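Respectively, the protein sequence lines represent chains A and B.
According to this note's numbering, the first sequence is numbered sequentially starting from 1.
According to this note's numbering, the second sequence is numbered sequentially starting from 1.
The beta-carbon is built from N, C-alpha and C at its ideal position, and this holds for glycine as well.
For clarity, every value in this text was computed on a predicted model and none was experimentally measured.
Note sheet for the following structure.
2 protein chains.
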Amino acid sequence: MFLALVHHPVLDRHGKVGTTALTNVDLHDIARSSRTFGVARVFVVTPIRLQQRMVDEVVGHWVHGGGALHHPRRAEAMERVSWAPSLQAVKAAIADDRGCAPHVAVTSAAMQHADLSFEDLRRRLGGEDGGLDRPVLLLFGTGWGLAPEVLAEADWKLPAIERDPSFQGNDGAWNHLSVRAAVAIVLDRLLGER
Amino acid sequence: MFLALVHHPVLDRHGKVGTTALTNVDLHDIARSSRTFGVARVFVVTPIRLQQRMVDEVVGHWVHGGGALHHPRRAEAMERVSWAPSLQAVKAAIADDRGCAPHVAVTSAAMQHADLSFEDLRRRLGGEDGGLDRPVLLLFGTGWGLAPEVLAEADWKLPAIERDPSFQGNDGAWNHLSVRAAVAIVLDRLLGER
């Protein structure tokens, strides 16, 4: 399992496709959740050179620098994080590593037409229903979510994360989770202990 | 369902009981996850007056101030957040509001002897297995986790969040999630759509 945190192409608050800035706490939280659930690598996707350098600096501090001395467990999480200039480059890196391109699964709070349930993907990750013959790349968008062309090109669309509508006191759908929370929930749904 | 983010009493990195500082992103992420899954109120537990004022200022900015104008959805999440000086005060506030003290459920990455599964609590929240005659208060510790006396006094101990051990490529238990990620996963396990 691979994960990409996409800073481009994503939507801004006006629905325009653009590029978001890096958020330090995203790297830490997503690295820790990824280590917990066994994600092999986390790619931070940004075409901006300065943001790529920031990823190198943050990861370097926690894996080889002062952070690693004081907080060795954080190094075990952060060592799986690196940047890529584009989604194309992420797929190429995985193909290089594993000998074949990944299945791409997307998540979105605004997902209208999901075509694969978390339970189905979990079963296939566990070797059931024919299993999987290729690695899986999970995409998460920053800002106001992944650009439409990324959703359209994906192999699988996972449902939006929502509250069980059968519970009492439900005051309407509202699923503006942070990307950190969305990553944690998706990994737990796919790989968490039951 | 109520939630408390505990800054005292919690463990520090040396295993000593103390008080942690407020983290701004915790308030935002936990408010957003709580709104998504229908948690009625989020209490930030700290005995330190300056930190209590910080909660008031952050929440005020997003609910009544400049933040509310530019980002109205964040107000819908943040309006459920307030501070309390102690866990005793949280229980008293809930009893005041609902006419009875809550069942207290604790989570911990170091939980040794869980006595209630997520599935069992989910069923009771849904009205099965006799349902629940009192509200539920979920406690989450900051720093290195809730102090032992808090765990000992709780009605229910939920299991540590871990990866399903049956999946391939498991490189050992490691569950140092951020408290933001832990809250998201616990709420999804209890209240998320399936």
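Query, Result
"Judging by CA-CA distance, which residue of B:Leu-146, B:Ala-110, B:Pro-102, B:Gly-143 is the nearest neighbour of Trp-174 (chain B)?", "B:Ala-110"
"Quick one: what does DSSP say Ala-84 (chain A) is sitting in, helix, strand or coil?", "strand"
"Since Asp-120 (chain A) meets chain B, which of its residues come closer than 8 Å, beta carbon to beta carbon?", "Chain B residues near Asp-120 (chain A): none, gap ~12 Å exceeds 8 Å."
"For chain B, is any of its Cβ atoms less than 8 Å away from the one on Trp-174 (chain A)?", "yes"
"Compare the C-alpha of Val-39 (chain A) against each of A:Pro-165, A:Pro-135, A:Leu-116 and name the closest.", "A:Pro-135"
"Mind checking the stretch 6–31 of chain B against chain A and listing, in chain order, the residues whose C-beta falls within less than 8 Å of any C-beta there?", "Val-25, His-28, Asp-29"
"From what residue to what residue does the beta strand (DSSP E) around Arg-32 (chain B) run?", "Element bounds for Arg-32 (chain B): not the beta strand (DSSP E) but the alpha helix (DSSP H), 24–37."
"Helix or strand or just coil, what does DSSP make of Phe-118 (chain A)?", "helix"
"Could you confirm whether any beta carbon from chain B is found closer than 8 Å to the beta carbon of Val-36 (chain A)?", "It should be pointed out that residue 36 (chain A) corresponds to Thr in this sequence rather than to Val. At least one chain B Cβ lies under 8 Å of Thr-36 (chain A)."
"What separation, rounded to the nearest whole angstrom, lies between the Cα atoms of Gln-112 (chain A) and Arg-49 (chain B)?", "46 Å"
"Find the residues of chain B that neighbour Glu-193 (chain A), judging by a C-beta separation of less than 8 Å, and give them in chain order.", "Pro-159, Ile-161, Glu-162, Arg-163, Asp-164, Pro-165"
"On a Cα-Cα basis, can you pick out the residue from A:Asn-24, A:Asp-29, A:Asp-12, A:Lys-16 that is closest to Ile-185 (chain A)?", "A:Asp-29"
"Indicate whether Val-150 (chain A) and Pro-47 (chain A) have their beta-carbon atoms separated by less than 8 Å.", "no"
"Residue range of the beta strand (DSSP E) that Trp-66 (chain B) falls in?", "Sequence inspection shows Gly at residue 66 (chain B); the Trp mentioned does not correspond to that position. No beta strand (DSSP E) holds Gly-66 (chain B); the alpha helix (DSSP H) holding it covers 66–70."
"Following the continuous alpha helix (DSSP H) through Gly-131 (chain B), name the residue where it begins and the one where it ends.", "No alpha helix (DSSP H) holds Gly-131 (chain B); DSSP gives it neither H nor E."
"By the DSSP assignment, the alpha helix (DSSP H) with Arg-41 (chain B) in it spans what residues?", "Unbroken run through Arg-41 (chain B) is the beta strand (DSSP E), 41–45; no alpha helix (DSSP H)."
"Leaving out five residues before and five after Asp-115 (chain A) in sequence, what residues of the same chain have Cβ atoms less than 7 Å from its Cβ?", "Trp-156, Lys-157"
"Taking Leu-137 (chain B) and Val-104 (chain B) to be in contact with their CB atoms under 8 Å, please state how far apart those CB atoms are, rounded to whole angstroms.", "5 Å"
"For Phe-195 (chain A) and Gln-52 (chain B), I'd like the C-alpha separation in whole angstroms.", "Outside the displayed range of chain A (1 to 194) lies residue 195 (chain A), so it cannot be described from this structure."
"Let me know if His-70 (chain B) comes out buried or exposed under the rule of 16 or more other beta-carbons within 10 Å of its beta-carbon.", "exposed"
"If we count the other Cβ atoms within 10 Å of its Cβ and call it buried at 16 or more, is Arg-98 (chain A) buried or exposed?", "exposed"
"Thinking just about the alpha-carbon of each residue, which of A:Ala-92, A:Arg-124, A:Gly-127, A:His-176 is nearest to the one in Ala-4 (chain A)?", "A:Ala-92"
"Against chain B, does Glu-76 (chain A) count as a neighbour if the rule is that its beta carbon must be under 8 Å from one of theirs?", "yes"
"Could you tell me if Glu-76 (chain B) is buried or exposed, where buried requires 16 or more neighbouring beta carbons within 10 angstroms of its beta carbon?", "buried"
"So, is Gly-141 (chain A) buried or exposed, given that buried needs 16 or more other C-beta atoms within 10 angstroms?", "buried"
"Can you list, in chain order, the residues of its chain whose CB lies under 6 Å from that of Met-78 (chain B), leaving out five sequence neighbours each side?", "Ala-31, Val-59, Trp-62, Val-63"
"Among residues of its own chain, excluding the 5 on either side of Ala-95 (chain A), which ones have a beta-carbon nearer than 8 Å to its beta-carbon?", "Ala-101, Pro-102"
"Taking the beta strand (DSSP E) that His-14 (chain A) belongs to, which residues open and close that run?", "Per DSSP, His-14 (chain A) belongs to no beta strand (DSSP E) and is neither H nor E."
"With a threshold of 16 other CB atoms inside 10 Å of the CB of His-7 (chain A), please say whether the residue is buried or exposed.", "buried"
"Which residue marks the beginning of the alpha helix (DSSP H) containing Leu-190 (chain A), and which one marks its end?", "179–191"
"In terms of residue numbering, what span does the beta strand (DSSP E) encompassing Ala-105 (chain B) cover?", "103–106"
"Nearest by alpha-carbon distance to Ser-178 (chain A): which of A:Glu-153, A:Asp-188, A:Arg-163, A:Trp-144 is it?", "A:Trp-144"
"Please confirm whether Ser-82 (chain A) has its beta-carbon closer than 8 Å to some beta-carbon of chain B.", "no"
"Short of 7 Å in beta carbon distance, which residues of its chain neighbour Leu-11 (chain A), apart from the five on each side in sequence? Order them along the chain.", "Val-17, Gly-143, Trp-144, Gly-145, Ala-147"
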